[in-house]
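Please read the structure below before turning to the comments.
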Amino acid sequence: MAKTVKRLDRLSDILCSVVDSAELIRNVHPDKKFVDAANDAHMALSSIINQLNTHQELYQSLHRVMNDATITSKFSEQELRVGNLLLADFERAGIHMPAATRDRFVDLQNRIGELGHMMITNAAPGTATVEIEDPAQNLIGVPPNIVSMFARSKTAVIPTSSALATTVLKSARNEDVRRKVYMAMNSGSREQVDVVEALLWTRGELARLLGKESYAEMSLVDKMAGTPENVISFLESLSDLHKPRAEVELDRLRSLKATHVAKGASRDIQAWDRFYYSQFIAPSAVIARPDVLADPFHAAPPTSYKSDPISAYFSVGATFQGLSQLFKSLYGVTLEPATVAPGEVWHSDVRRLDVMHEKDGKIGTIYCDLFSREAGESRKYENAAHFTVRCSRRIDDEERFGSAYHAGSMKIPGFEKDVVENGTKKRYQLPIVVLVTAFRRPSDHMPALLNLWEVETLFHEMGHAMHSMLARTDYQHIAGTRVPMDFVEVPSIFMENFAKSPEMLSSFARHYQTGDTVPLDLLRSARAASATTDAFDTQHQLQLSLLDQMYHSPLALQPGFNSTAVLAESQRLYNVFPPIKDAAWQVQFTHLFSYGATYYSYFWSRRWASRIWRKWFRGRDEQAWKEGGELLRTELLGCGGGRDPWTGLEKLGVVKDGERQGVFRARLDDLGISD
Numbered sequence: 001m002a003k004t005v006k007r008l009d010r011l012s013d014i015l016c017s018v019v020d021s022a023e024l025i026r027n028v029h030p031d032k033k034f035v036d037a038a039n040d041a042h043m044a045l046s047s048i049i050n051q052l053n054t055h056q057e058l059y060q061s062l063h064r065v066m067n068d069a070t071i072t073s074k075f076s077e078q079e080l081r082v083g084n085l086l087l088a089d090f091e092r093a094g095i096h097m098p099a100a101t102r103d104r105f106v107d108l109q110n111r112i113g114e115l116g117h118m119m120i121t122n123a124a125p126g127t128a129t130v131e132i133e134d135p136a137q138n139l140i141g142v143p144p145n146i147v148s149m150f151a152r153s154k155t156a157v158i159p160t161s162s163a164l165a166t167t168v169l170k171s172a173r174n175e176d177v178r179r180k181v182y183m184a185m186n187s188g189s190r191e192q193v194d195v196v197e198a199l200l201w202t203r204g205e206l207a208r209l210l211g212k213e214s215y216a217e218m219s220l221v222d223k224m225a226g227t228p229e230n231v232i233s234f235l236e237s238l239s240d241l242h243k244p245r246a247e248v249e250l251d252r253l254r255s256l257k258a259t260h261v262a263k264g265a266s267r268d269i270q271a272w273d274r275f276y277y278s279q280f281i282a283p284s285a286v287i288a289r290p291d292v293l294a295d296p297f298h299a300a301p302p303t304s305y306k307s308d309p310i311s312a313y314f315s316v317g318a319t320f321q322g323l324s325q326l327f328k329s330l331y332g333v334t335l336e337p338a339t340v341a342p343g344e345v346w347h348s349d350v351r352r353l354d355v356m357h358e359k360d361g362k363i364g365t366i367y368c369d370l371f372s373r374e375a376g377e378s379r380k381y382e383n384a385a386h387f388t389v390r391c392s393r394r395i396d397d398e399e400r401f402g403s404a405y406h407a408g409s410m411k412i413p414g415f416e417k418d419v420v421e422n423g424t425k426k427r428y429q430l431p432i433v434v435l436v437t438a439f440r441r442p443s444d445h446m447p448a449l450l451n452l453w454e455v456e457t458l459f460h461e462m463g464h465a466m467h468s469m470l471a472r473t474d475y476q477h478i479a480g481t482r483v484p485m486d487f488v489e490v491p492s493i494f495m496e497n498f499a500k501s502p503e504m505l506s507s508f509a510r511h512y513q514t515g516d517t518v519p520l521d522l523l524r525s526a527r528a529a530s531a532t533t534d535a536f537d538t539q540h541q542l543q544l545s546l547l548d549q550m551y552h553s554p555l556a557l558q559p560g561f562n563s564t565a566v567l568a569e570s571q572r573l574y575n576v577f578p579p580i581k582d583a584a585w586q587v588q589f590t591h592l593f594s595y596g597a598t599y600y601s602y603f604w605s606r607r608w609a610s611r612i613w614r615k616w617f618r619g620r621d622e623q624a625w626k627e628g629g630e631l632l633r634t635e636l637l638g639c640g641g642g643r644d645p646w647t648g649l650e651k652l653g654v655v656k657d658g659e660r661q662g663v664f665r666a667r668l669d670d671l672g673i674s675d
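Numbering (full-length UniProt numbering), first residue to last: 1 to 675.
This is how it looks when you write it as structure tokens:
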């Protein structure tokens, strides 16, 4: 009985290693046969896991152990936490309920998984293309190389999921064209909306089955925030404090539009106006094109369009070298390219990086699948993501050599390691993660280059990856990023601070042709340019966080629930742009599935990441970074989910009075904004 927790964790490790691998394969593999097989495997094993979560005999065995003081008194802190977490998982799954109710729970969970996958795989505008008549006249302002594509056509047919549509939205002078493109880009078919609403209803039904008022109430029980009321209070206080900043920027756009439209025409700024007018208040626009000062809307377009000048300094290779230097400064680890064996990876683009610690040697492996697929290849996951393939876990002697060891097929040479801790020799399986992005591909004459937003994205995802690498725990259930959902973004958002530091970026950014260091003034002006519209982005994310709470409230079970109407209401309450009738962007809001009722986590985590940055790293030298990095590793990252994250944050000195009890006072500096 004393090994019950360890054996349940081992069972979880074996199942998760297959489910997680299937999740990766169905998102990135170029062969449809593999994708289909991975889909089938994922659904089948997810169903088995849901059944195990309601398995009476497993629960009773664990319950007896956790209520036997003669056994638990000998448990380590990690073993006790894992046992309690597993027990809570059983109980949240309705283990005490009648068999028919437990079966209903499994059915609902399976249905949620199916609907979520349907939503993600069809997350695109409901209108596939938008047609613009007389492109020569109606696309004035759009780069000439794009307009020339339609020189022989009376109609420009623009795919709504393409960068082309975004470019037209940003640059077309004709407001009717911008409105038409915006509406198409934010459309949703009846079938797509039905899937979203079925997902929300099924989650609400699951919560009611377990005696909760809403899915949000059910989901937040084990999160740092605790309750929907705490989350809404936190978000609304931030929105109330921040919204005036967005309104100031809106007034600037309104003033610009007033000089552009005909006398008597509406000067109201609509959602489709945002990107067009924002380009004329960005400092970089003025620096690059001084002629816009006289007439920003009718200046003659340049004869050629060059790529973002900053991108030339950020090749993918140089950026990874910069990350390796940074991780060495913070944690004493470096990223070392490694050769892959035949059949080890799923695509020729994939690269392997072994993570090496200055004292401990290899501590894990990161595979990088960074580029969009070539034309004609099957679709790949198009956003940035960190996929866990295998977690760190201690492998004890009984499992390795005893008759009960059945996981020999899971052993991978070079992915296990002996470690001596406090005089005791232990053996661990090393973590394996995959970093997926859809960056522009390199060409024969140019390496893959990143813009500043992509650099920030890469730093963010590597924050997740490093969390997985540094958290060496004895149990899979608490390894790496297996922490409360509203804490998991802290390491990744913390890394964004380095990507926003011109001084940090200039330490490694080199021009891919000349080798010149990126000019600090260029970085600072670019950062200032992006800051001019950050207020809109932040307010939009606050709206989405509150929309997520609205969608996962008791509203979802009310007769006549209309997700499109709720989207419009959230826009009215929490954004500065007026709601647009019939816009159904929720069908593309895939975080509703992966972060259901927890999308607030980005703001919740940003608070802690911002405070850690300001207290331990901002404006300090490399030696101070080393000291701060070691503290961050030992008190936060290295623990994984092995202890309450509040404890680590308190040890770092970033929790204010009353916050652990649910008392929140909105502060702009918690969003990385100076008052």
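For glycine and all other residues, C-beta sits at the position ideal for the given N, C-alpha and C.
Look at the alpha carbon of D291 and the alpha carbon of L452, and state the distance between them as a whole number of angstroms.
-> Start at 1 with the first residue of the sequence shown, and residue 291 comes out as number 291. Start at 1 with the first residue of the sequence shown, and residue 452 comes out as number 452. Unreliable positioning characterises D291 in this predicted model, as indicated by a pLDDT of 38, which lies under 50. A coordinate reading is not provided.
Tell me whether the beta-carbon of L220 lies closer than 8 angstroms to the beta-carbon of A597.
-> For the purposes of this step, residue 220 is taken as the residue at position 220 of the sequence shown. For the purposes of this step, residue 597 is taken as the residue at position 597 of the sequence shown. Yes, the Cβ-Cβ distance between L220 and A597 is below 8 angstroms.
Comparing alpha-carbon positions, which option in F371, R26 and M462 lies nearest I120?
-> Along the sequence shown, one-based indexing puts residue 120 at 120. Cα-wise, what sits closest to I120 is R26.
Which whole-angstrom value is the C-beta distance of F387 and V433, which I expect to be below 8 angstroms?
-> On the sequence shown, position 387 is the one that residue 387 refers to. On the sequence shown, position 433 is the one that residue 433 refers to. Distance from F387 to V433 at the Cβ level is roughly 6 angstroms; contact confirmed, criterion being Cβ atoms closer than 8 angstroms.
Can you grab the Cα-Cα spacing for the pair V587 / G361, in whole Å?
-> Translated into positions along the sequence shown, residue 587 becomes position 587. Translated into positions along the sequence shown, residue 361 becomes position 361. Just so you know, the alpha carbons of V587 and G361 end up roughly 45 angstroms apart.
What span of residues does the alpha helix (DSSP H) with A100 cover, start to end?
-> Locating residue 100 in the sequence shown gives position 100, where the first residue counts as 1. Here the alpha helix (DSSP H) through A100 covers A99 to T121.
May I have the straight-line CA-CA distance separating R92 from F536, to the nearest angstrom?
-> Indexing the sequence shown from 1 puts residue 92 at position 92. Indexing the sequence shown from 1 puts residue 536 at position 536. If I take the Cα positions, the gap works out to 38 angstroms.
Proximity of V5 and E79 at Cβ, strictly below 8 angstroms | Position 5 of the sequence shown, counted from the start, is the residue given in the question as residue 5. Position 79 of the sequence shown, counted from the start, is the residue given in the question as residue 79. Note that the C-beta distance between V5 and E79 is below 8 angstroms.
In terms of residues, what are the limits of the beta strand (DSSP E) holding C368?
-> If you number the sequence shown from 1, residue 368 lands on position 368. It spans G361 to F371 - the beta strand (DSSP E) in which C368 sits, taken as one unbroken run.
Which same chain residues, not among the five before or five after M446, have their C-beta less than 8 angstroms away from its C-beta?
-> Walking along the sequence shown from the start, residue 446 turns up at place 446. Excluding sequence neighbours, M446 sits near Y512.
Evaluate contact between the region 476 to 486 and the region 641 to 655, counting only Cβ atoms and requiring at least three cross-stretch pairs below 8 angstroms.
-> Two segments are said to touch when three or more pairs of C-beta atoms, one from each, lie closer than 8 angstroms; by this definition the region 476 to 486 touches the region 641 to 655.
Can you give the Cα-Cα distance for Y381 and F439, rounded to whole angstroms?
-> Taking the first residue of the sequence shown as 1, we reach residue 381 at position 381. Taking the first residue of the sequence shown as 1, we reach residue 439 at position 439. Rounded to whole angstroms, Y381 and F439 show a C-alpha spacing of 11 angstroms.
Three-way DSSP call (helix, strand, coil) for T457 in this model = Taking the first residue of the sequence shown as 1, we reach residue 457 at position 457. Helix, per DSSP.
Can you check whether the CB of V106 is closer than 8 angstroms to the CB of N50?
-> Reading the sequence shown from its first residue, position 50 is the one you call residue 50. Reading the sequence shown from its first residue, position 106 is the one you call residue 106. The Cβ atoms of N50 and V106 lie closer than 8 angstroms to each other.
Given E358 as reference, the closest of L573, E377, L335 and E374 once Cα atoms are compared = Sequence index remark: in the sequence shown, residue 358 carries index 358 (1-based). Looking only at L573, E377, L335 and E374, the smallest Cα-Cα distance to E358 is reached by L335.
If we ignore side chains and look at the alpha-carbon of each, how far apart do K263 and K257 end up?
-> Start at 1 with the first residue of the sequence shown, and residue 263 comes out as number 263. Start at 1 with the first residue of the sequence shown, and residue 257 comes out as number 257. Roughly 11 angstroms between the two C-alpha positions.
In chain order, which alpha helix (DSSP H) runs of at least 4 residues are fully inside the region 204 to 248?
-> Counting whole runs of 4 or more residues, the region 204 to 248 contains the alpha helix (DSSP H) stretches 215 to 219.
Going by DSSP, which residues form a beta bridge with M356?
-> Your numbering for residue 356 matches position 356 in the sequence shown. Paired residue(s): T334 and K362.
Would you call K615 buried or exposed, if buried means 16 or more other Cβ atoms sit within 10 Å of its Cβ?
-> Taking the sequence shown and counting its residues from 1, one reaches residue 615 at position 615. Flag for K615 reads exposed.
Since K180 contacts V142 with CB under 8 angstroms, what's their CB separation in whole angstroms?
-> On the sequence shown, position 180 is the one that residue 180 refers to. On the sequence shown, position 142 is the one that residue 142 refers to. The beta carbons of K180 and V142 sit about 14 angstroms from each other, so the pair does not count as a contact at 8 angstroms.
Identified DSSP bridge partners for F150 = Working through the sequence shown from its first residue, we reach residue 150 at position 150. Paired residue(s): none; F150 is not in a bridge.
Hey, quick one: how far does the beta strand (DSSP E) through R427 stretch, first residue to last?
-> Mapped onto the sequence shown, residue 427 falls at position 427. Element bounds for R427: T424 to Q429.
With 16 other CB atoms within 10 Å as the buried threshold, where does R572 fall?
-> On the sequence shown, position 572 is the one that residue 572 refers to. Flag for R572 reads exposed.
Can you tell which of G188, A246, A136 and F150 has the C-alpha that lies nearest to the C-alpha of R173?
-> On the sequence shown, position 173 is the one that residue 173 refers to. R173 has its Cα closest to that of A136, out of G188, A246, A136 and F150.
How long is the line joining the alpha carbons of N145 and A207, rounded to whole angstroms?
-> As a working note, residue 145 is residue 145 in the sequence shown. As a working note, residue 207 is residue 207 in the sequence shown. Those two C-alpha atoms are separated by around 53 angstroms.
Taking only the alpha-carbon atoms, compute the straight-line gap between W625 and Y215 and give it to the nearest angstrom.
-> In the sequence shown, the residue the question calls residue 625 occupies position 625. In the sequence shown, the residue the question calls residue 215 occupies position 215. Computed Cα separation, rounded: 41 angstroms.
Enumerate, from N- to C-terminal direction, the unbroken alpha helix (DSSP H) stretches of 4 or more residues contained entirely within the region 566 to 613.
-> Here the runs fully enclosed are 591 to 594.
Spatial neighbours of L62 in its chain, beta-carbon cut-off 8 angstroms, leaving aside the 5 residues before and after = To locate residue 62, count along the sequence shown from 1; it is residue 62. So the qualifying residues of the chain are T4, V5, L8, G83, L86, L87 and F90.
Would you kindly report the start and end of the unbroken alpha helix (DSSP H) that includes I25?
-> On the sequence shown, residue 25 is found 25 positions in, with the first residue counted as 1. Segment T4 to V28, the alpha helix (DSSP H) holding I25.
CB-CB length for S17 against R390, believed under 8 angstroms | Counted from its first residue, the sequence shown places residue 17 at position 17. Counted from its first residue, the sequence shown places residue 390 at position 390. With 8 angstroms as the limit, S17 and R390 qualify as a contact, their Cβ atoms being about 5 angstroms apart.
Which class does K32 belong to by DSSP, given the choice of helix, strand or coil?
-> Along the sequence shown, read from residue 1 onward, the residue named residue 32 stands at position 32. The answer is helix: DSSP assigns K32 an H, G or I state.
Residues bridged to K417 [DSSP beta-bridge criterion] = For the purposes of this step, residue 417 is identified with residue 417 of the sequence shown, where counting begins at 1. DSSP output for K417 lists Y428 as bridge partner(s).
Skipping 5 residues on each side, what residues in its chain have a beta carbon closer than 7 angstroms to that of Y313?
-> For the purposes of this step, residue 313 is taken as residue 313 along the sequence shown, with counting starting at 1. So the qualifying residues of the chain are A509, R510, H511 and V518.
Could you please give the first and the last residue of the uninterrupted beta strand (DSSP E) stretch that includes A471?
-> On the sequence shown, position 471 is the one that residue 471 refers to. Premise fails: A471 is in no beta strand (DSSP E) and is neither H nor E.
DSSP beta-bridge partners for E496?
-> Looking up residue 496 in the sequence shown gives position 496. Partner(s): none; E496 has no beta bridge.
Please work out which residues of its chain come closer than 6 angstroms, Cβ to Cβ, to W585, disregarding the five sequence neighbours upstream and downstream, and give them in chain order.
-> Along the sequence shown, one-based indexing puts residue 585 at 585. Only N186 meet the Cβ criterion.
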